[in-house]
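Colleague: Just dropping this structure here.
Chains as they are written, first to last, in UniProt numbering: chain A, 1 to 307; chain B, 1 to 271.
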């Protein structure tokens with residue numbers, strides 16, 4: 001469709017059918033304030049921060065403008081930080097896997113419900129998400145604490161004789177993180193299941209396949225893209241979690257995000273903190289790009305086999 | 001279609017898994033005793049009235065509200081014009097711009113907060129004006145993280161209202177900007193209200209970005225809460241949390257009239 005130059009408006013009648021409201025120039029005029037602000041206050045700071053992570057730390061100044069890889073060298077030379085990194089990755093992988101297992105049936109249930117129940121369930125999923133990580137982490141401390149809900153119930157039922165120490169353990173941190181991010185996974189999977197043709201499942205069921213088997217062999221393969229999107233999103237959120245490891249894990253279970261903040265506030269070493277944050281950023285980007293590509297490739301091969 | 005029994009059972013368990021921590025916090029805020037034991041000795045409202053003796057939390061609530069209101073106004077304005085520009089003009093690099101506005105979603109929040117702090121700090125040195133910590137630096141940072149949401153929601157809105165009425169308006173002689181202002185924007189109202197509520201909630205609840213940008217004497221509520229809870233979890237912090245839960249609950253109920261939540265939260269992820 002030819003575009004009218006300069007003046008896309010006017011009384012051109014039917015010829016405007018595929019035209020746009022704004023011309024290219026007025027479109028730029030509308031969009032530029034937002035684009036410039038994002039550029040100045042987001043894109044440039046991120047680029048500047050990556051460069052900054054190569055500067056030399058100083059006790060008297062913010063940083064000494066140089067180019068050195070010392071910050072990264074120090075990070076990987078320290079067993080404390082390397083263990084923190086590995087622990088963060090392990091907890092994030094475990095929490096993501098748990099989240100996926102929990103979210104699949106819930107997403108499936110939401111899709112099968114009628115409109116009223118469906119919207120109620122989606123609101124019940126969104127609500128804890130919006131309440132925020134801090135409040136829910138506080139809830140987990142109350143549940144898992146020495147005098148917490150779980151210990152009280154177990155003591156009353158005479159299952160245990162002394163309260164268990166559940167806080168400050170990598171396992172409970174992983175469980176709490178998983179609880180915090182599970183809504184994201186549910187919503188992502190639900191959106192991808194919603195797009196499926198229900199006839200495929202119905203066909204399998206009517207041919208005598210059991211519901212569970214139908215789900216695994218018919219529904220699951222079709223929602224692989226949703227699973228990729230959900231797991232990478234949730235994995236990145238787990239890598240970034242700040243308040244849950246801080247409150248549930250404490251100093252015994254250091255994870256990357258709180259460690260970055262601690263490194264900066266206790267030692268006032270901004271370039272080193274920036275290097276740690278850069279490592280976190282690169283990890284997140286690797287997950288989003290590489291993992292998606294890898295799973296999609298595996299999935300392609302598998303789909304060709306089953307065809 | 002029939003709902004398989006196993007999904008119903010798992011569903012109940014998972015909803016408990018998501019919602020029980022929130023419920024426990026609300027319950028705890030009414031405990032009579034100051035320390036944590038279940039079940040409580042009795043119930044009391046004194047932790048709510050006692051909040052005014054907790055300046056970090058009490059002032060934090062109002063500081064967070066102030067920042068969230070300013071952020072919402074700026075973020076919605078920017079999100080709306082970005083969405084209108086991108087949907088109503090065919091620009092070169094549309095995909096790049098779209099991704100640019102959604103970019104803050106894929107950058108870890110703690111990285112964003114830190115990057116903005118370092119940048120503004122260095123800029124302060126260069127121009128000899130202290131930019132951080134300040135309310136405005138917080139507003140700027142919150143605007144960056146809420147913009148993807150306001151943009152995404154209004155962008156979805158512009159797609160769903162279609163261009164026919166705008167074309168009609170312009171065929172009748174209205175100028176493009178007048179058309180956007182008088183025709184498109186009023187039609188977009190539900191999306192804009194939804195976007196405003198989301199921007200408010202995300203600004204109000206932000207922890208990771210604010211950490212770097214608050215000053216010791218003046219912190220936002222989530223920062224004050226995490227600092228308090230790191231020290232102890234008691235009915236006072238539960239009462240503050242409950243106020244936040246109620247606020248979010250009310251906003252969610254209002255937003256429910258304007259936003260499709262499933263699409264809002266999962267629509268922007270790559271499928």
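Idealized CB from N, CA, C, for every residue including glycine.
(1) So which residues of chain A does residue 229 (chain B) contact, with C-beta pairs closer than 9 Å?
(2) Which residues does DSSP list as the beta-bridge partners of residue 215 (chain B)?
(3) Does residue 35 (chain A) have its Cβ less than 8 Å from a Cβ in chain B?
(4) Whole-angstrom Cβ separation of residue 28 (chain A) and residue 138 (chain B), contact assumed at under 8 Å?
(5) Which residue or residues does DSSP assign as beta-bridge partners of residue 64 (chain A)?
(6) Residue 31 (chain B) by DSSP, collapsed to three states: which one?
(7) What is the DSSP secondary structure of residue 291 (chain A), counted as helix, strand or coil?
(8) Pair every Cβ in the region 186-196 of chain A with every Cβ in the region 104-117 of chain A, then say whether three or more of these pairs are closer than 8 Å.
(9) When the Cα of residue 52 (chain A) is compared with those of B:48, B:75 and B:114, which residue comes out closest?
(10) For the region 30-57 of chain B, which residues have a beta carbon sitting closer than 7 Å to at least one beta carbon of chain A?
(11) Give the straight-line distance between the Cα atoms of residue 57 (chain A) and residue 73 (chain A), rounded to the nearest whole angstrom.
(12) Using the three-state DSSP reduction, which class does residue 15 (chain B) fall into: helix, strand or coil?
(13) Using 8 Å as the threshold, is the C-beta distance between residue 242 (chain A) and residue 263 (chain A) below it?
(14) Can you have a look at residue 240 (chain A) and say buried or exposed, based on whether 16 or more other CB atoms are within 10 angstroms of its CB?
(15) Quick one: Cα of residue 10 (chain A) to Cα of residue 136 (chain B), how far?
(16) Can you tell me which of the three DSSP states residue 155 (chain B) falls into?
(17) Does the beta carbon of residue 270 (chain A) come closer than 8 Å to any beta carbon on chain B?
(18) On a Cα-Cα basis, can you pick out the residue from B:250, B:199, B:236 and B:261 that is closest to residue 44 (chain B)?
(19) At the 8 Å Cβ level, is residue 152 (chain B) part of the contact set with chain A, yes or no?
(20) At what residue ranges does the region 64-130 of chain A contain a whole run of the alpha helix (DSSP H), taking only runs of 4 or more?
(21) Mind checking if residue 182 (chain A) is an interface residue toward chain B, Cβ cutoff 8 Å exclusive?
(22) Counting contacts by CB-CB distance shorter than 8 Å, is residue 179 (chain B) in contact with chain A?
(23) I'd like to know if residue 78 (chain B) contacts chain A, where contact means its C-beta is closer than 8 Å to some C-beta of that chain.
(24) Classify residue 43 (chain B) as helix, strand or coil using the three-state DSSP reduction.
(25) With a threshold of 8 Å between beta-carbons, can residue 155 (chain B) be considered close to chain A, or not?
(26) Compute the distance between the beta-carbons of residue 203 (chain B) and residue 68 (chain B), then report whether it is under 8 Å.
(27) Name the chain A residues whose beta carbon is nearer than 9 Å to that of residue 101 (chain B)?
(28) Could you confirm whether any beta carbon from chain A is found closer than 8 Å to the beta carbon of residue 115 (chain B)?
(29) If the criterion is Cβ atoms closer than 8 Å, does the pair residue 26 (chain B) and residue 209 (chain B) meet it?
(30) Can you tell me where the alpha helix (DSSP H) with residue 140 (chain A) in it begins and where it stops?
(31) Please decide whether residue 63 (chain B) counts as near chain A, where near means a Cβ-Cβ distance under 8 Å.
(32) Helix, strand or coil: how does DSSP classify residue 196 (chain A) here?
(33) Is there a Cβ of chain A sitting closer than 8 Å to that of residue 261 (chain B), yes or no?
(34) Could you say which of B:258, B:252 and B:257 lies nearest to residue 126 (chain A) if we only look at CA atoms?
Modeller: Short version:
(1) 134, 137, 138, 141, 243, 246 and 247
(2) B:218
(3) yes
(4) Not a contact, Cβ separation roughly 30 Å.
(5) A:56
(6) strand
(7) helix
(8) yes
(9) B:114
(10) 36, 37 and 38
(11) 13 Å
(12) helix
(13) no
(14) buried
(15) Because residue 10 (chain A) sits at a pLDDT of 42, beneath the cut-off of 50, its placement in the model cannot be relied upon, and the following sentence gives the value as read from the coordinates. Roughly 43 Å separates the two Cα atoms.
(16) helix
(17) yes
(18) B:236
(19) no
(20) 70-77 and 79-112
(21) yes
(22) yes
(23) yes
(24) strand
(25) no
(26) yes
(27) 34, 35 and 38
(28) yes
(29) no
(30) 133-144
(31) no
(32) coil
(33) yes
(34) B:252
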